[in-house]
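The numbering of the sequence shown is the numbering used here, which starts it at 7 and goes up by one. Each remark here refers to the structure printed beneath this line.
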Amino acid sequence: GQFYGIAAAIGKIGAFVGTWVFPVIQDNAPTPTRKGQDPFWVASALAIFAGVVALFFLPDVGQDTIDEEDVRFREYLQQNGFDTSLMGLKDAREGEEVESGSEAVKT
């Protein structure tokens with residue numbers, strides 16, 4: 007959905023900014039050695055910052071997250087007057103047959 011588009015846009019903005027900012031960082035370095043080191047330090051600091059933001063501000067995603075979200079969404083729709091009787095199967099995973107090799111296995 008839309009979050010993939012947002013992620014793609016942010017990635018493209020980051021590439022654009024990096025293309026224009028890293029040469030400026032290199033040109034302002036005091037020594038030739040620092041000219042190669044400074045962009046590394048800036049990129050490392052940004053990566054650590056992004057990791058900390060992800061660690062503390064993104065929700066935990068477990069194995070049942072999608073199923074739990076489906077239940078919450080159905081409850082939300084029912085509370086707001088939407089007819090959910092034709093919306094998917096309530097217990098779609100029960101009695102599902104999965105082929106394993108040459109034989110069907112009932113789950």
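Each residue gets a CB set at the ideal place from its N, CA and C atoms; glycine is no exception. Keep in mind it's a predicted model, so treat the numbers as computed, not measured.
Boundaries of the alpha helix (DSSP H) around residue 14: 8 to 33. In the DSSP assignment, residue 69 falls outside any alpha helix (DSSP H) and carries neither an H nor an E. Three or more beta-carbon pairs separated by less than 8 Å link the segment 41 to 49 to the segment 19 to 31, which places the two stretches in contact. Residue 93 places its beta carbon 9 Å or farther from that of residue 78. Within the same chain, and ignoring the five residues on either side of residue 83 in sequence, the residues whose Cβ sits closer than 8 Å to its Cβ are 90 and 93.
Taking residue 23 as the centre and dropping the five residues before and after it, the same chain places no C-beta closer than 8 Å to its C-beta.
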